[in-house]
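Undergrad:
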Amino acid sequence: MQQFSVVISGFDHYDGIEVNPSYEVPRILSQQGVDGLDGVELSISTVSLPVSFSKAWPLLSRTIEETKPDIVVATGLKRAARGILLERCATNIMDSSRPDVDNTAPSLVPIAPGRPAAYWTRLPLRAILGEFTHDSIPATLSSDAGTFVCNSLFYNLLNWASAQDKVLAGFVSLPVVNEEPHPKRGLPMDQLVQACGDVVRESVKYYMRPSSESILIA
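For what it's worth, full-length UniProt numbering labels the leading residue of the sequence shown as 1, then goes sequentially.
#1: Have a look at residue 218 and residue 87 and give me their C-alpha separation to the nearest angstrom.
#2: With distance defined between alpha-carbon atoms, name the residue in 177, 81, 160 and 16 nearest to residue 68.
#3: Shortest alpha-carbon distance to residue 208 belongs to which of 70, 100 and 30?
#4: Which class does residue 44 belong to by DSSP, given the choice of helix, strand or coil?
#5: With residue 79 and residue 184 assumed to form a contact (beta carbons below 8 Å), what rounded beta-carbon distance in angstroms separates them?
#6: From what residue to what residue does the beta strand (DSSP E) around residue 174 run?
#7: Can you tell me which of the three DSSP states residue 104 falls into?
#8: Residue 141: which of 117, 155 and 171 sits nearest, CA to CA?
#9: Near residue 50, which residues of its chain fall below 7 Å by C-beta distance, leaving aside the five closest residues on each side in sequence?
#10: Does the region 108-127 come within contact of the region 20-30, defined as at least 3 CB pairs closer than 8 Å?
#11: Would you check if there are 3 or more beta carbon pairs closer than 8 Å linking the region 125-136 to the region 190-204?
Here it is, written out as structure tokens:
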């Protein structure tokens, strides 16, 4: 039995969002587990982060240090999205016209001075998209996660992962929860949970049998 440790992060609160998928989905998935992984013992840890430039990464970093994960999946909310957005790239910039929860609004400030301008995701996006298609989950690739807290967290995560021998890490943006039949925006909660389960499952499979064909960054 091969053992895997997975960390899934989300965010605490978004103004105007009654049911935050970035908070609920990791929690539900950790309770339900992920099927379709024969011969694998999967441990899922979750952490909910403040929408804060200065506090989000230190809290996720502390969780990573405590759990020593093989895979880290960070999630956030994309309000206007129809379906799941798989983020390809994290950029080394903080630039926001709206403040975070600490009332901080950095303008064109590097996240990590002297570090690379950008990092590509380490998740097997091609394999994940294929599984989404099989499960009829609306999804698309996103060039980057913007320049707000989501991107800052994503960049710090990949900056950390770049120094690790074998850790998969990436960021997934979730749409709002919408239980209406055939919603034009958002997805039902069960589909959001299924999607994140697909992300974890395909990442574990790739970890065990890596293939360049499963990575899609452009």
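For every residue, glycine included, the Cβ atom is placed at its ideal position computed from N, Cα and C.
TA: To lay it out plainly:
#1: Below a pLDDT of 50, predicted positions are generally treated as unreliable, and residue 218, at 42, falls in that range; the measurement from the model is reported next regardless. One C-alpha to the other measures close to 11 Å.
#2: 160
#3: 70
#4: strand
#5: With a Cβ gap of about 13 Å, residue 79 and residue 184 do not count as contacting.
#6: 168-174
#7: coil
#8: 171
#9: Hits under 7 Å: 12, 56 and 101.
#10: By the Cβ criterion, the region 108-127 is not in contact with the region 20-30, since fewer than three pairs of Cβ atoms, one from each stretch, lie closer than 8 Å.
#11: yes
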